[in-house]
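Down below is the structure, laid out as structure tokens.
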Amino acid sequence: MAHAALSVRNLAKEFAVGAGKVVAVDGVSFDVRGGEFFTMLGPSGCGKTTTLRVIAGLEQATRGEITIDGRDFMAVPPQLRNIGMVFQSYALFPHLTIFENVAYGLRLRKLPAGEIDRRVASTLALLQLEPYAARHPSGLSGGQQQRVSIARALVYEPTMLLLDEPLANLDAKLRVMMREEIRALQRRLGITTLYVTHDQEEATAVSDRLAVFDRGRLIQLGTPEEIYARPQTLFVADFIGRANFLPARLVVRGSPSSGVALPNGASLRPERVVRLDGAEAAALPATDDGTVMIRPEHVALDPKEGDIACRVQRMQLLGGLIRYSVRADASPADILVEVTRPLPGIAEGSGAFLRIPAADAVLYHR
Amino acid sequence: MTVRSAPVTGVPRTAELDWAAWMLGIAVVVIALVFLVYPLVNAMLLAFVKNGEDAGGSGLTFANFARFFTAASYQRALWNSVYSGLAATALATVIALPMAYAVARTEIPHRGLISAMTVVPLISPPFIGAYAWIILLGKNGTVTQWLHALTGWTLPTIYGPPGVILALALSYFPYIFLIVQGALAAADPHVEEAARMAGASRARILRTITLPLVFPAIGAAMLIVFIKSIGDFGVPSILGGEFQVLPTLIYYQIHGYFNLNAASAIAMVNVLLTLVAMAALSWIHRHRNFATIGGTSHAAARHSGKSARVFGNVYCWLVILIAILPQLVIALASFARRWPGTMLPESYTLDHYRAVWSQLTSPIANSLVLAGAATALCIVFGTVTAYASARDRLRARWALDLTIMLPFVLPGLVVGVAYLTAFNSGPLVLTGTALIIVLAYFTRRVAFIFRSVATAIGQIDPKLEDASTICGAGWGTTMRCVLVPLAAPAILAGAILVFSTLIGEISATVLLYSAKWKTISIAIYELVLGDQLAQASAIGTITTVMTLFLVLVASRLAGKNMAELFR
Chain W
14 MAHAALSVRN
24 LAKEFAVGAG
34 KVVAVDGVSF
44 DVRGGEFFTM
54 LGPSGCGKTT
64 TLRVIAGLEQ
74 ATRGEITIDG
84 RDFMAVPPQL
94 RNIGMVFQSY
104 ALFPHLTIFE
114 NVAYGLRLRK
124 LPAGEIDRRV
134 ASTLALLQLE
144 PYAARHPSGL
154 SGGQQQRVSI
164 ARALVYEPTM
174 LLLDEPLANL
184 DAKLRVMMRE
194 EIRALQRRLG
204 ITTLYVTHDQ
214 EEATAVSDRL
224 AVFDRGRLIQ
234 LGTPEEIYAR
244 PQTLFVADFI
254 GRANFLPARL
264 VVRGSPSSGV
274 ALPNGASLRP
284 ERVVRLDGAE
294 AAALPATDDG
304 TVMIRPEHVA
314 LDPKEGDIAC
324 RVQRMQLLGG
334 LIRYSVRADA
344 SPADILVEVT
354 RPLPGIAEGS
364 GAFLRIPAAD
374 AVLYHR
Chain P
3 MTVRSAPVTG
13 VPRTAELDWA
23 AWMLGIAVVV
33 IALVFLVYPL
43 VNAMLLAFVK
53 NGEDAGGSGL
63 TFANFARFFT
73 AASYQRALWN
83 SVYSGLAATA
93 LATVIALPMA
103 YAVARTEIPH
113 RGLISAMTVV
123 PLISPPFIGA
133 YAWIILLGKN
143 GTVTQWLHAL
153 TGWTLPTIYG
163 PPGVILALAL
173 SYFPYIFLIV
183 QGALAAADPH
193 VEEAARMAGA
203 SRARILRTIT
213 LPLVFPAIGA
223 AMLIVFIKSI
233 GDFGVPSILG
243 GEFQVLPTLI
253 YYQIHGYFNL
263 NAASAIAMVN
273 VLLTLVAMAA
283 LSWIHRHRNF
293 ATIGGTSHAA
303 ARHSGKSARV
313 FGNVYCWLVI
323 LIAILPQLVI
333 ALASFARRWP
343 GTMLPESYTL
353 DHYRAVWSQL
363 TSPIANSLVL
373 AGAATALCIV
383 FGTVTAYASA
393 RDRLRARWAL
403 DLTIMLPFVL
413 PGLVVGVAYL
423 TAFNSGPLVL
433 TGTALIIVLA
443 YFTRRVAFIF
453 RSVATAIGQI
463 DPKLEDASTI
473 CGAGWGTTMR
483 CVLVPLAAPA
493 ILAGAILVFS
503 TLIGEISATV
513 LLYSAKWKTI
523 SIAIYELVLG
533 DQLAQASAIG
543 TITTVMTLFL
553 VLVASRLAGK
563 NMAELFR
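If you read the sequences in order, they're chains W and P. Numbered as in the numbering used here, the first sequence ends at 379 without a single skipped number. Numbered as in the numbering used here, the second sequence ends at 569 without a single skipped number.
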């Protein structure tokens, strides 16, 4: 039961606002395999939370289909869908003890009292919450409250687990710790999980697959590795990880494979070439045919030789990473270079040279 | 949980349809239309119809309103209402403002107690206090005689405008005190601090910054006092003498001539006065739209000088003494065997209480039953509508808010007239029954619960309902297990407030009661008219003490102090 497979087809959700309407979700389709950890990722207002709430049944879809294991889900009222949900604000019942909070769903299912006690106890144990059973939510820390929220969602063995930005209210270190706990729990139970977040690092760290949303549309779906290495749009390239964007003009008009010329004159033949669609293509400056994207860890920085001359503006020490911001004619913005060890001969203010490996560069063109 | 036992039943066993929501929704709409909208609209229509005819007949006419141009008594009543209303408001403002400033901005001790004590005049029905003034300042009044013996000076009669204005002002000034004090306490202190840094003196700051910034609050409070003064029936009927005002005029039109049309017309004029006052207020404030509630954690500076404290103390306690003097006098009178105009009664007795106990158990029981039934109705209706309003579930939310809040601001007499005219004939005849009184009470007070519960629900995270739903609860269960327990303090506080202020309600009751359903307030009223002041005092004291106790309990439950309940 917990390995339910979800299928979403052409889902759309519009809200009436004043005299007009707002399209929150615009024709989204995807499949989630049984037991998969599936994340919907995107900036605020992109429709990921609305999609989740429609799947939960808390909102009515304007159009589209949702099936679970082949059965139509849309006709089922939310209280009968047998899913578990964890909210950003935890939404624990303040007037009930932790025990009663977790037992809530079981009591609604009219289980005998002994059975309820047993299941609640084992779920609390699973999430290391036994000492807090008699307390009220206000007596617990944020991280503990979040675990209670998860316990409440899992105790009645739902077909799916939905999590709506569950870690956003926690501090940074706790967030990293909790996401690993959630991931481990999910692996152990094998429950189909739908996760929503705006934090791309969180998403890439825990998900089996992730779906990037922007303005109500699903832009790209894939594993974290695929999305990082082969982003299909400039938006995705920029949203996941860090990216350098260099303006590019085609060497031979109309022939993307012929290579590009960068603003400083250097030429480059990116191995991967992606065609941009309408909106992003139109947003390119008229003088450019496209943009070359290269990740900071792939750019080579050398004090003496390279294709592009530059000057080092800033050197940031970030724990296990060193980030150089350099200014070059090749790009209007500073180019970021990331290495794990400091480069000899390069300091703030010094001149240097960049080399962009064609194998790691991606050309996005009209 | 690695070994999966027999699967949980998966889906909650009973598929709860949301019929609970539908039923309640329909019931609420029906009640709102029949008992809130219909009476008021009907009364409005009746005002435009000649007496003795019905609305469909010869069409609408202004005949009832014409009396205001032809009959001297009507004109006098209108003028008297305006005059006494304005005078009472002015006097109340003069009394309350220094007190509000003293409590909000000086270091006098027991500020909480002072605020709590100002609630006393609000919860004891004003007309109970009105005849206290007769005891003190009447022809054979204690103070009158004492003053005469001391100075040879005879006080002018308490009956007529002076008495009415004084009693009204002392009954309603707490509204101005509470609201202005609240505004002063909550105002952003940075503006005044900036002025001090620039070198302004304390007096100058008070005159040019502090007072102007709380003008909106003062104006709103004055409006409330004006509306209540022109709608008050009890005080002018006891202390007015020949001084007629619109509410007493309405009363005589009904009890004297049973001319509902004329009564409705007068009520409409009363409402018109209210609207004119509201329009005047918003015109005065048309250029002022500034927010003074800042997000700071510290309050404005307080005067800590000795003179400020002494002054503040003396003034506040003096005002409180005068304000609760009626209640004290009434209590004293209830124990007095004879009080022939000396300072204190000659001798004391419990006879009056014994008489009250044996003869007047019926009105007490009636009041409790009627107030109780109305409160129950308020709770159910008020909570459901508060939920719908707070969760923004309705298209025409403004209509609901208006329907509930409008009867609250109308004078009780107007509501009484509306109910009398609406249910005197036609499809639903309720006059003379208990039901009409209960419904009129409900109409007047449901706004209390509506407001406090809507606020409470607004502070409850809507995700709690989502979480309950996802766990498998239908709407009814979510209400029962999550929302109502969390809103319970607000519901309870509102309910106790409703109940306690309904026990002494007179303005609507006086038009709707029947011989079988006399309430405490009617009993007191009749005793006062029959000059049995001692017994009236006994039952009045019981009422005041009971109400005070209930309000205290309500404030504990709501976690606030008494003063905040009334803001």
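Backbone N, C-alpha and C fix where the C-beta goes; we use that ideal spot for every residue, glycine too.
- Taking the Cα positions, Y208/W is about 57 Å away from M548/P.
- Two segments are said to touch when three or more pairs of C-beta atoms, one from each, lie closer than 8 Å; by this definition the region 267-286 of chain W does not touch the region 246-256 of chain W.
- Closer than 8 Å to the CB of V484/P there is at least one CB belonging to chain W.
- Ranked by how close their Cα comes to the Cα of F410/P, the residues V448/P, A338/P, G201/P have V448/P in first place.
- At a C-beta separation below 8 Å, F100/W has these neighbours in chain P: K465, D468, A469.
- The region 34-92 of chain W is shown to contain whole alpha helix (DSSP H) runs of 4 or more residues at 61-69, in chain order.
- Under the 8 Å Cβ criterion, the region 346-359 of chain W counts as touching the region 312-325 of chain W, having at least three qualifying pairs.
- With its beta carbon less than 8 Å from one in chain P, H108/W belongs to the interface.
- Taking the Cα of A189/P as reference, the smallest distance to any Cα among R107/P, W285/P, Q255/P is reached at R107/P.
- No Cβ-Cβ contact shorter than 8 Å links P214/P with D234/P.
- For the pair G243/P and G143/P, the CB atoms are not nearer than the 8 Å cut-off.
- Across the set P487/P, L93/P, S427/P, the C-alpha of P487/P shows the shortest separation from the C-alpha of L559/P.
- Note: C323/W is bridge-paired with A341/W, A365/W in the DSSP secondary-structure output.
- The three-state secondary structure of L207/W, taken from DSSP, is strand.
- Rounded to whole angstroms, the Cβ separation of V32/P and L275/P is 32 Å, and the two are not in contact under 8 Å.
- Per the C-alpha coordinates, the member of G362/W, Y377/W, M306/W positioned closest to R327/W is G362/W.
- Only Y117, G118, L119, L121, R122, K123, L124, R132, S135, T136, L139 from the region 117-147 of chain W bring a Cβ to less than 8 Å from some Cβ of chain P.
- In the displayed model, E351/W falls within a strand according to three-state DSSP.
- If you draw a straight line from the Cα of G291/W to the Cα of L297/W, it comes to about 10 Å.
- Within a 10 Å sphere around the beta-carbon of K61/W sit 16 or more other beta-carbons, which makes this residue buried.
- Around the beta carbon of H211/W, 16 or more other beta carbons sit within 10 angstroms, so the residue counts as buried.
- Taking 8 Å as the cut-off, the beta carbon of L140/W is found no closer than this to the beta carbon of I111/W.
- G70/W and K123/W have their C-alpha atoms some 22 Å from each other.
- The Cβ neighbour count for V249/W, taken over all protein chains shown within 10 Å, is at least 16; the residue is labelled buried.
- By the 16-neighbour rule on beta-carbons within 10 angstroms, K34/W is exposed.
- Taking C-beta atoms under 8 Å as the contact rule, P237/W and S220/W qualify, at a distance of about 6 Å.
- Judged by DSSP in its simplified three-state form, Q329/W adopts strand.
- Along the region 429-463 of chain P, the positions whose C-beta sits under 8 Å from a C-beta of chain W are D463, read in chain order.
- Judged by pairs of C-beta atoms under 8 Å, the region 405-419 of chain P touches the region 504-524 of chain P, as three or more such pairs exist.
- Q329/W has a beta carbon lying at 8 Å or more from every beta carbon in chain P.
- Proximity to R379/W across G152/W, L247/W, R230/W peaks at L247/W, based on C-alpha coordinates.
- Boundaries of the alpha helix (DSSP H) around Q213/W: 213-219.
- In the three-state DSSP reduction, R188/W falls in the helix class (H, G or I).
- One Cα belongs to V41/W, the other to V189/W, and the distance between them is close to 29 Å.
- When DSSP states are grouped into helix, strand and coil, Y103/W belongs to the coil group.
- Against R230/W, chain P offers no close residue; the least beta-carbon distance is about 25 Å (beta-carbon pairs closer than 8 Å).
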